[in-house]
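Shown next, in structure tokens, is the structure this report addresses.
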Amino acid sequence: MDVNEQFWQASSEDIKKGYMDEHTHFTCLLCGEKIEKGIIYPYEGLLYEAEKMMQLHITAAHQSVFHYLNGLNKKITGLTEHQSHILRLFYEGKSDQEIQAELAIGSAATIRHHRFALKEKERQAKTLLVMMELLKEQNQKEDHFVPIHKTATMVDDRYNITIEEEQQLLEKFFPDGLDKELVRFPKREKQKIVVLRAITKLFEEGKHYTEKELNAVIEPIYEDYVHIRRYLIEYGFMDRTADGSAYWVKK
1 MDVNEQFWQA SSEDIKKGYM DEHTHFTCLL CGEKIEKGII YPYEGLLYEA EKMMQLHITA
61 AHQSVFHYLN GLNKKITGLT EHQSHILRLF YEGKSDQEIQ AELAIGSAAT IRHHRFALKE
121 KERQAKTLLV MMELLKEQNQ KEDHFVPIHK TATMVDDRYN ITIEEEQQLL EKFFPDGLDK
181 ELVRFPKREK QKIVVLRAIT KLFEEGKHYT EKELNAVIEP IYEDYVHIRR YLIEYGFMDR
241 TADGSAYWVK K
């Protein structure tokens, strides 16, 4: 199971912590970092057990779970950029007056209105969550959808695809296996997502690739590697430095 799937299948409590307690280790739900249990880890002159080390990792690598979630695509959070900004200021303990002064908008009453609007979204989200849980209990045969990768740049109906449909498409476009030749690059958006997701799995998370190394992985699968490389960036599966000297899988 990849990091993206672990994130979406995790409980609300685990997501709030930012990590999952597994049998032999703790796994960061935000980036996939694993910290083995039963080992004492040195950090800045002190020694820590595995769970505390995972908590320190989240702070060092992601600032906080809140900041990480708040930075996700607005289609995933359901928040506008403005709401995300204000929510972050609320989280940081700023008063209504301080937020109004920092953003230079309206008045303190305007900020209080934003607090109310966010509370409304919270109530709506809780209601929807309970309804979806009840729906799952009512219909055990529901279709399971492919999780949307957290770094997706465009979230819309193109991600409306079930796991069964994904498997059928993979067999169609990679008849000889996922590490073999792609018969053609699809034109339909949903199919592009499936193919790009599969190609992304050929790269090692956390590793930085030169453009030449990236091309060397893609070319045996599809000769127009520039085409694939561009789409991997465009759809948020991979990122690169401004000068194109390094590429890596986004998490």
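Numbering-wise (UniProt numbering), the sequence shown opens with residue 1 and increments by one. The C-beta atom is built at its ideal place from N, Cα and C for all residues, glycine as well.
Would you grab the beta carbon distance between residue i and residue j for me? Rounded to a whole angstrom, and I think it's under 8 Å.
i             : j              : result
valine 249    : glutamate 211  : Not a contact, Cβ separation roughly 15 Å.
glutamate 49  : isoleucine 40  : 7 Å
isoleucine 76 : histidine 114  : 20 Å between Cβ atoms; not a contact.
asparagine 73 : arginine 88    : At roughly 16 Å, the Cβ-Cβ gap does not stay under 8 Å, so asparagine 73 and arginine 88 are not in contact.
lysine 16     : valine 65      : 6 Å
arginine 240  : tyrosine 247   : 5 Å
leucine 56    : tyrosine 43    : 6 Å
histidine 144 : isoleucine 161 : About 11 Å; that fails the 8 Å criterion.
glutamine 97  : glycine 106    : At roughly 12 Å, the Cβ-Cβ gap does not stay under 8 Å, so glutamine 97 and glycine 106 are not in contact.
valine 194    : glutamate 166  : 5 Å
Reducing DSSP to helix, strand and coil, say where residue i ends up.
i                 : result
histidine 23      : coil
phenylalanine 174 : coil
methionine 1      : Its pLDDT being 48, under 50, methionine 1 is placed unreliably in this model, and the coordinates cannot settle the point.
In the DSSP assignment, find the beta strand (DSSP E) that holds residue i and state where it starts and stops.
i            : result
tyrosine 159 : It is not in any beta strand (DSSP E) - tyrosine 159 carries neither H nor E in the DSSP assignment.
lysine 34    : 34-36
Between which two residues does the alpha helix (DSSP H) holding residue i run?
i             : result
leucine 129   : 108-138
isoleucine 40 : First-last for isoleucine 40: undefined, no H or E at that position.
serine 12     : 12-17
Whole beta strand (DSSP E) runs in the UniProt domain "DUF2087" (182-249) with 3 or more residues, listed along the chain? 238-240 and 247-249
What residue ranges within the stretch 43-112 form continuous beta strand (DSSP E) runs of no fewer than 3 residues, ordered along the chain? 46-48
The stretch 169-184 contacting the stretch 214-233, beta-carbon criterion three pairs below 8 Å: yes
I want to know whether the stretch 16-25 touches the stretch 189-201 - three or more CB-CB distances under 8 Å. no
The stretch 120-128 in contact with the stretch 100-111 per 3-pair CB rule at 8 Å: no
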